[in-house]
Amino acid sequence: MHTNALLLASLAFVASAPTSASSSEGDALAIRAEKLHVGDGTVIENGIVVFEAGVITEVGKGAPVPKGVVLIEHAGHLSAGLIALREHAGAVGESNDSTRAVMDEADLSYAYRPNHSEVQGLLAEGITTFVLAPRPGSLVGGLCAVAKTGSEVISRRAYLSICTGANGLTSNRFPTSLQGSQAELERRFSWPQGVFATAVKGELPVMLDGGSSRTEVQHAIAFARRHGLKGILVGSTRLGEMAAKIRAAGLGVALSSYSPSTGRRVVEGAVALAEMQVPFGFALGSPNNHPANLRLTAAACIRGGLKSGEALKALTSTAARLAGVGDKVGSIQVGLAADMVLWSGEPTDPGSRVMAVYVDGDEVFRAEDDENGDDK
Amino acid sequence: MHLPETTLASVLLVGATSGLFAAPASVPPAAAQGDLVAVRAHKLHVSPGNVLEDATVLIRDGVIMQVGSDLTIPEGARLIEGDVVCAGFMDPWGSLGMNAAAVVDMGTNAATRATDGVDPYIDPWYRNRALAAGVTAVRVQAGMASVRGGVGAVLSTAPAADLESMILLRDSNAAAGLGLSARGKAPDVFARIGAVDKLVGDINSGRDYSIVHAKYAREMEAWNKAIAEAEAKLEKDFKKAKKDRDKEVAEAKEDDKEFKEEKYKEDKRPKPPKQDIEDAVMARVASGELPLVVTIHRAAEMRELLKGTAKFKRLRLVIAGGTEAEAVADQLAARSIPVIVRPIPLGANRPDEYSGHDLALAGRLADAGVRVLLGSSGGGSADLPLLATLAIGHGLDRDKALAALTTEVARTFDLSGELGSLRPGRRADLLVLDGEPLLPTTTVRYVLSGGRVLISPDSRD
């Protein structure tokens, strides 16, 4: 963790000089940003957020700053920390097991290494929460955890990860065909007890990797509807083409990371999903994808017609809701964790810099050359 | 190759005329004669940092005629209006418009011409996407990962009727690749350093080649002069010489002897030096006529290259990639060597030479005074403007990012008089935007290439 001397030196215009800008020990802190993005689409000009003991206590334009509380002036934007759905940072080889097709009780929270360099790398891109998921390759990969970047796991049963498509197949162990995997999943989802039954009851959402082709995705949606599953679809760049079907099934979507070859589909998909009001967030898939890809994907969608506010919701509040942690993170709201990013400009513009990142009210990242200031 | 034979032949013919010190071809205009277009904007970026308010660009026959705030728009001109206007973006490290086999060819040599791999009918969808994103020109190279990439070219992304009309510059540079992974494996360290020394040796050979050829040219000149003088003398003394000869023939006959013709000795003709098309290209590199783009990433190899090439005072190096270039930033700044940075977010699975890849590279190099260009390193030119925003978000100044896609590219490849800025005399490659350039929320409304309106709000799907 960084100490806070730098912060005070660089952008705090302190009313009364305290010794620490951290709120974790009970010292309250307040930040006023030129633009404060709440997370529900509203933007407060010169908005103030006050937080204490890692939790937001006041939000608003004229939010009262308690006497003696340091008010940091930020010449830029402030938003909730970004959230990556389907992420593998720091799990190294722990996030998949190629020898077994089904690991229904595998608990991904055991694979979480908060101090791993890959996890710390997420902070530099403003990602404060992520869903640690198994890598594709298994029919049933296990239980996804929701982790605070560099900090604790806040949900150990965010999703049950299943692959109905070709991503769950390998040639050297059962199942080896799409029909085989469907048959195996049907069998398991008919069991009266265990995680599958919990998912069928709607008490455990699924992260459903339907594979990449349109046919596979349709099979996946049909599977979810047959068993009344809740959760999100992942793994295909063509999900947007099936927005109406996804909406009818009551599912959400984690859009794949943008790359030039698949970009257009992801972009058009995001626009279609937004139009159909299907809740969606973005998958990252680091370390195979660079953490900057999360915001780049959102920016590509904006360039393709998605509204900037919609993109920010997908990166924060909607993603939190989809991961089942909307009551903890994802918005700048009283009672939620003080997970925030100070940006040099619009959060969804990749040209804006991450100036500082807070997790649970602690400053965990600050731009190296911030003393020069980039708020020009 | 899929090129029609006639077209290929014409390329070869034109190529053959570009000799040892041939001048670069001028950029062809694209619009028809008499076309008149006026583009008016609230903000006009003449070049990065040089902005005019409420200004107009007047374009005739595809060329910018006038730029200013108080221009009267001539009658009959097509008027296009927008919020912001800037020059078209250029990808200094791309492959759009090239035959795929030419791009991945590992057997290219110093004399391989990119123009021989140009295909005006390939990838129309990708080229249109690049154009719609505002990328109007791409510098291409055969053998992008080859040890010697040959002579590069600058191509327009506009739909082309034929091969010639898409080539903006047919010999933009020479190229080399050092220490690049092939089939997922990096060459070992000795091979890598050896390859640097080999390149330095090739530049040296090029310099020697130009010296030998220049000497031969001087000798031939002297020889031709001597011959001409001797001929003139013979011509002048012709009558007397004929008379003398006739007399000698008669005398020989009288004496019943055989007449022996007097042999004239002429100066020995200078022996022509060996011709070598690869050395000929490297000669143009050594003389500074062609910039040499070296794709190189590791600090050790860059140090070796900078050390080895320091003696070539006229050499114009350009570094492509430059993953670890920060370590030699001082030298790059001092020698004004530009670096083409690839601002792409790379994941954990990356070639060895990209191990230290960092999105902050462009900003750090620029802060150290190094000239920075931004390139896609492949067919992703359409994404370059978006990726450039990532470089901005990681420390590159906004104006410098714009320069990295416009003026700096033109300057590096000797096209400042033709492309990269909105000044009179330049080819009218420009963008009409609804906001500042290099923002994701900004839409490219119109794209003009050579004065032709190729993208407009109506043309979008």
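Chain order of the listed sequences is R and W. Each residue of the first sequence is one higher than the one before, counting from 0 in numbering that gives the first Met the number 0. Each residue of the second sequence is one higher than the one before, counting from 0 in numbering that gives the first Met the number 0. Just so you know, even glycine gets a beta-carbon here, dropped at the ideal spot from N, CA and C.
Assigned exposure category for W/S171 - 16 Cβ within 10 Å defines buried: Here residue 171 of chain W is taken as the residue at index 172 of the second sequence, counted from 1. W/S171 counts as buried, since at least 16 other C-beta atoms from the protein chains shown sit within 10 angstroms of its C-beta.
8 Å Cβ cutoff, W/D382 in contact with chain R: Here residue 382 of chain W refers to the residue found at position 383 of the second sequence. Yes, because at least one Cβ of chain R sits closer than 8 Å to the Cβ of W/D382.
Own chain residues within Cβ distance below 8 Å of R/V58, not counting five before or after: Along the first sequence, one-based indexing puts residue 58 of chain R at 59. The answer, listed in chain order, is L35, V37, I43, G46, I47, V48, V49, I331, Q332, V333.
The segment 58 to 76 of chain R contacting the segment 266 to 276 of chain R, beta-carbon criterion three pairs below 8 Å: Here the segment 58 to 76 of chain R makes no contact with the segment 266 to 276 of chain R; the two share fewer than three CB pairs at distances below 8 Å.
Assigned secondary structure, W/A175 (DSSP; H/G/I helix, E/B strand, else coil): Stepping through the second sequence from its first residue, residue 175 of chain W is reached at position 176. Correct three-state label for W/A175: strand.
Best match in R/V101, R/E117, R/N114, R/N95 for proximity to R/L107 [C-alpha to C-alpha]: As a working mapping, residue 107 of chain R is identified with position 108 in the first sequence. Checked all of R/V101, R/E117, R/N114, R/N95; the closest Cα to R/L107 is R/N95.
Span of the beta strand (DSSP E) around W/V371: The count along the second sequence starts at 1 and reaches residue 371 of chain W at position 372. Looking at the DSSP string, the run of the beta strand (DSSP E) that includes W/V371 is 371 to 373.
Closest residue to W/P271 among W/L316, W/G200, W/V139, W/R217 (Cα-Cα distance): Position 272 of the second sequence, counted from the first residue, corresponds to residue 271 of chain W. Distance check between W/P271 and each of W/L316, W/G200, W/V139, W/R217 places W/R217 closest, using alpha-carbon atoms only.
Three CB pairs or more closer than 8 Å across the segment 377 to 391 of chain W and the segment 239 to 259 of chain R: Short answer: they touch.
Under the three-state DSSP convention, the category R/V101 falls into: Within the first sequence, residue 101 of chain R is the residue found at index 102, counting from 1. Here R/V101 sits in strand by DSSP.
W/T114 versus W/M89, W/G151, W/A99, residue with shortest Cα-Cα distance: Within the second sequence, the letter at position 115 stands for residue 114 of chain W. Put simply, of W/M89, W/G151, W/A99 the residue whose alpha carbon is nearest the alpha carbon of W/T114 is W/G151.
Status (buried if at least 16 other CB within 10 Å, exposed otherwise) for W/A249: Looking up residue 249 of chain W in the second sequence gives position 250. Flag for W/A249 reads exposed.
Element boundaries [beta strand (DSSP E), containing W/K232]: Taking the second sequence and counting its residues from 1, one reaches residue 232 of chain W at position 233. Per DSSP, W/K232 belongs to no beta strand (DSSP E); it is in the alpha helix (DSSP H), 188 to 235.
Closest by C-alpha distance to R/E151, when choosing among R/D359, R/F364, R/A366: Against the first sequence, residue 151 of chain R aligns to sequence position 152. Per the Cα distances, R/D359.
Helix, strand or coil at W/F311 [DSSP, three-state]: On the second sequence, position 312 is the one that residue 311 of chain W refers to. Coil.
7 Å Cβ cut-off: residues of chain W touching R/A299: Here the question's residue 299 of chain R lines up with position 300 in the first sequence. Within chain W, the residues near R/A299 are L385.
CB contact below 8 Å: W/T440 versus chain R: Residue 440 of chain W sits at position 441 when you count from the first residue of the second sequence. The beta carbon of W/T440 sits closer than 8 Å to some beta carbon of chain R.
Simplified DSSP state of W/A22, which is helix, strand or coil: Walking along the second sequence from the start, residue 22 of chain W turns up at place 23. Caution applies to W/A22, whose pLDDT of 40 falls short of 50 and renders its modelled position unreliable; the value that the coordinates give is listed next. Here W/A22 sits in coil by DSSP.
Interfacial residues, the segment 343 to 358 of chain W to chain R, with Cβ spacing under 9 Å: Per Cβ criterion, the list reads I343, P344, L345, G346, A347, N348, H356, L358.
Residue nearest to W/M143 in terms of C-alpha spacing, selected from W/A159, W/R169, W/R112: For the purposes of this step, residue 143 of chain W is taken as the residue at position 144 of the second sequence. For W/M143, the nearest C-alpha among the options comes from W/R112.
C-beta neighbour in chain R for W/I391, strict 8 Å: The count along the second sequence starts at 1 and reaches residue 391 of chain W at position 392. It does; some Cβ of chain R falls within 8 Å.
CB contact check: R/G325 to chain W, cutoff 8 Å: Taking the first residue of the first sequence as 1, we reach residue 325 of chain R at position 326. No - not a single Cβ of chain W is within 8 Å of the one on R/G325.
W/L372 versus W/I336 - alpha carbon distance: As a first step, residue 372 of chain W is located in the second sequence; it is residue number 373 there, counting from the start. As a first step, residue 336 of chain W is located in the second sequence; it is residue number 337 there, counting from the start. One C-alpha to the other measures close to 11 Å.
Beta-carbon neighbours of W/R397, restricted to chain R and to distances below 8 Å: Mapped onto the second sequence, residue 397 of chain W falls at position 398. Those within 8 Å of W/R397 in chain R are G350.
Nearest-angstrom Cα separation, counted from W/Q65 out to W/G416: As a working mapping, residue 416 of chain W is identified with position 417 in the second sequence. As a working mapping, residue 65 of chain W is identified with position 66 in the second sequence. Approximately 15 Å, taken between the alpha carbons.
Cβ-Cβ separation, R/A297 to R/L321 (assumed contact under 8 Å), whole Å: Residue numbering aside, residue 321 of chain R sits at position 322 when the first sequence is read from its first letter. Residue numbering aside, residue 297 of chain R sits at position 298 when the first sequence is read from its first letter. Actually they are not in contact, since the Cβ atoms of R/L321 and R/A297 sit about 15 Å apart, beyond 8 Å.
Reduced DSSP secondary structure (H/G/I, E/B, other) of R/G268: For this step, residue 268 of chain R is matched to residue 269 along the first sequence. Helix, per DSSP.
C-beta neighbour in chain R for W/L372, strict 8 Å: Taking the second sequence and counting its residues from 1, the one referred to as residue 372 of chain W is at position 373. It does not; no Cβ of chain R falls within 8 Å.
Among W/D53, W/R422, W/A298, nearest to W/T405 - alpha-carbon criterion: Numbered from 1 along the second sequence, position 406 holds the residue referred to as residue 405 of chain W. Measuring C-alpha to C-alpha distances from W/T405 to each of W/D53, W/R422, W/A298 identifies W/R422 as the nearest.
Three-state secondary structure assigned by DSSP to W/L291: Within the second sequence, residue 291 of chain W is the residue found at index 292, counting from 1. DSSP places W/L291 in strand when its eight states are reduced to three.
Between the CA atoms of W/W92 and W/F412 - distance to the nearest angstrom: Numbered from its first residue, the second sequence carries residue 412 of chain W at position 413. Numbered from its first residue, the second sequence carries residue 92 of chain W at position 93. Distance between the alpha carbons of W/F412 and W/W92 is about 12 Å.
Exposed unless 16 or more other CB atoms sit within 10 angstroms - verdict on R/T197: By one-based count along the first sequence, residue 197 of chain R stands at place 198. R/T197 is exposed by the Cβ-count criterion.
Selection from R/E362, R/G239, R/G329 that minimises the alpha carbon distance to R/R264: Against the first sequence, residue 264 of chain R aligns to sequence position 265. Cα-wise, what sits closest to R/R264 is R/G239.
Contiguous beta strand (DSSP E) assignments of at least 3 residues, all confined to the segment 208 to 271 of chain R: Given a length threshold of 3 residues, each whole run of the beta strand (DSSP E) inside the segment 208 to 271 of chain R is given here in chain order: 230 to 233, 251 to 254.
The segment 275 to 303 of chain R: positions lying closer than 9 Å to chain W by Cβ: Residues passing the 9 Å Cβ filter: G284, S285, P286, N287, N288, H289, P290, A291, N292, R294, L295, A297, A298, A299, C300, I301, R302.
Euclidean distance between Cα positions of W/M165 and W/K399: On the second sequence, residue 165 of chain W is found 166 positions in, with the first residue counted as 1. On the second sequence, residue 399 of chain W is found 400 positions in, with the first residue counted as 1. Whole-angstrom Cα-Cα distance: 28 Å.
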